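Those sequence lines, one after another, are chains A and B.
Numbering-wise (my numbering), the first sequence opens with residue 1 and increments by one.
Numbering-wise (my numbering), the second sequence opens with residue 1001 and increments by one.
Notes for the one structure printed next.
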Amino acid sequence: MAEGQSDTFWKSLYIYFNEMDFESQLFVKKIYKIIILTVAIISFIIAFFLERFSICVYSTIGASVLCILVLAPAWPIWKKNQPNWQPANWQKQQ
Amino acid sequence: MYSITARFNQIVFFTSWTLVVLSLLNQGTAYFFKTGKPTVDLKILSADKFHHYKATYYNGGVTDWDQVTFKFSLEADFEPVYNWNLKQLFLYVNVHHEHQENGFQSNCVIYDKIISRPDDPSLWSDSSKLVLKNQRAEYPLKDIHKQLRNATVNFEVWIEVMPYVGYIRREKLGDFQYKMPQQYN
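Right under this line is the structure:
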């Protein structure tokens, strides 16, 4: 990125959703497994007693879609703990 | 976890793995439910259109055979086979015929039907009972050796059990004997 240029709208949108803190990356890595496993085990037990396996499959897929919508893009909630970036020094590059 | 595609990838494939494990558990626990042998009763009502047929090929050759269309009534109860792993049952009626002179054996399917299991367990007792009255067979029984007159044929009722997860197996539910008429009608 040289001085004077700027990204297009779609590229800056992609960069916005792509960058996430390191602290929240660790948190997301831990929590998606916990959510999906909990939903899978509880819905399997419920479906076993109601004798309908479709309950288990649909609820697991629904939990994974929820995780994708909340955990995969970098929403502002996952950008709380930014590291201390140094200010950009354009004159050194020229 | 450093990019959006990496996070998306990890969530999607972790979900796929859990679904694989749950499917295997589904198949494994299906045997804890009640199992037993379904009951079936088949009555042959009539043997229609029992003729000696002849056909000519376009190049001049001639072929001839015996052909008969059956009418039967069938009553069956599949409740002992239903469990949460079952997707559908494929029921077919097979005619087994052994020629007296040569010892040839022939099998011919004359009727088939697909029975799906409804997802709601309260509807199982409705859909698991099958009653067919005066049902005409879909496919005729043909014999190119023309030895169907006065022969003893064996009607077998088979069932093919198709689960959601697991192996497909076939079971024979019953054997019923029938004597063909002496002459063509």
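A virtual CB, placed ideally from N, CA and C, is assigned to each residue, including glycine.
Every value quoted in this text rests on a predicted model; they were computed, and no experiment measured them.
May I have the straight-line CA-CA distance separating residue i from residue j, to the nearest angstrom?
i: PHE1090 (chain B); j: GLU1098 (chain B); result: 25 angstroms
i: TYR58 (chain A); j: ILE68 (chain A); result: 15 angstroms
i: ASN1026 (chain B); j: TYR1082 (chain B); result: 14 angstroms
i: GLN86 (chain A); j: VAL65 (chain A); result: 37 angstroms
i: ARG1149 (chain B); j: ILE1044 (chain B); result: 16 angstroms
i: SER1122 (chain B); j: THR1029 (chain B); result: 20 angstroms
i: THR1056 (chain B); j: ASN1185 (chain B); result: 22 angstroms
i: ASN84 (chain A); j: SER12 (chain A); result: 21 angstroms
i: ASP7 (chain A); j: LEU1024 (chain B); result: 49 angstroms
i: LEU71 (chain A); j: LEU37 (chain A); result: 16 angstroms
i: GLU1101 (chain B); j: TRP1065 (chain B); result: 17 angstroms
i: HIS1052 (chain B); j: LYS1179 (chain B); result: 18 angstroms
i: GLN108 (chain A); j: GLN5 (chain A); result: Absent from the model: residue 108 (chain A). The displayed extent of chain A is 1 to 94, so no value can be given.
i: PRO1080 (chain B); j: SER1128 (chain B); result: 9 angstroms
i: LYS79 (chain A); j: ALA40 (chain A); result: 29 angstroms
i: LYS1133 (chain B); j: GLU1075 (chain B); result: 8 angstroms
i: ILE35 (chain A); j: TYR1092 (chain B); result: 46 angstroms
With DSSP collapsed to three states, give me the class of residue i.
i: TRP1158 (chain B); result: strand
i: ASP1048 (chain B); result: strand
i: GLU19 (chain A); result: coil
i: VAL1214 (chain B); result: As displayed, chain B neither begins before 1001 nor continues past 1185, which places residue 1214 (chain B) out of reach and without an answer.
i: ASP1119 (chain B); result: coil
i: PHE1072 (chain B); result: strand
i: GLN1027 (chain B); result: helix
i: GLU1101 (chain B); result: coil
i: ASN1185 (chain B); result: coil
i: ASN1085 (chain B); result: coil
i: VAL1109 (chain B); result: strand
i: VAL1165 (chain B); result: coil
i: ASN1009 (chain B); result: helix
i: PRO1080 (chain B); result: helix
So what does residue i bridge to, in DSSP terms?
i: GLN1177 (chain B); result: B:ASN1154
i: ILE1004 (chain B); result: For ILE1004 (chain B), which the question treats as bridged, DSSP gives no partner whatsoever.
i: ASP1066 (chain B); result: B:HIS1052, B:ASP1143
i: THR1018 (chain B); result: DSSP lists no partner for THR1018 (chain B).
i: LYS1043 (chain B); result: B:SER1073
i: PHE1090 (chain B); result: B:ILE1114, B:GLU1160
i: LYS1172 (chain B); result: B:TRP1158
i: ARG1136 (chain B); result: B:LYS1071
i: VAL1095 (chain B); result: B:CYS1108, B:PHE1155
If residue i sits next to residue j, beta carbons under 8 angstroms apart, how far is it from one beta carbon to the other, in whole angstroms?
i: TYR1139 (chain B); j: ILE1115 (chain B); result: About 19 angstroms separates the two Cβ atoms, so there is no contact after all.
i: PHE53 (chain A); j: TRP1017 (chain B); result: Not confirmed; about 17 angstroms, so no contact.
i: SER43 (chain A); j: ILE55 (chain A); result: 6 angstroms
i: HIS1096 (chain B); j: ASN1059 (chain B); result: With a Cβ gap of about 34 angstroms, HIS1096 (chain B) and ASN1059 (chain B) do not count as contacting.
i: GLU1156 (chain B); j: ILE1168 (chain B); result: About 18 angstroms separates the two Cβ atoms, so there is no contact after all.
i: ILE1004 (chain B); j: PRO73 (chain A); result: 6 angstroms
i: LEU1042 (chain B); j: PHE1072 (chain B); result: 6 angstroms
i: TRP1158 (chain B); j: LEU1141 (chain B); result: Actually they are not in contact, since the Cβ atoms of TRP1158 (chain B) and LEU1141 (chain B) sit about 16 angstroms apart, beyond 8 angstroms.
i: ARG1117 (chain B); j: LYS1087 (chain B); result: 7 angstroms
i: PHE1070 (chain B); j: ALA1137 (chain B); result: 5 angstroms
i: PRO1163 (chain B); j: ALA1047 (chain B); result: In fact, because the Cβ distance is near 37 angstroms, the residues do not count as touching under 8 angstroms.
Please tell me whether, using a cut-off of 7 angstroms, the distance from the CB of residue i to the nearest non-hydrogen atom of the ligand FAD is below it.
i: VAL1109 (chain B); result: Among the ligands in the structure shown, none appear at all, so the ligand FAD cannot be discussed.
Quick check: is the beta carbon of residue i nearer than 8 angstroms to any beta carbon in chain D?
i: LEU37 (chain A); result: Structure shown: chain D not included; protein chains present are A and B.
query: In chain order, which continuous runs of the alpha helix (DSSP H) of length 4 or greater are located wholly inside the stretch 4 to 74 of chain A?
result: Counting whole runs of 4 or more residues, the stretch 4 to 74 of chain A contains the alpha helix (DSSP H) stretches 9 to 18, 22 to 50, 53 to 71.
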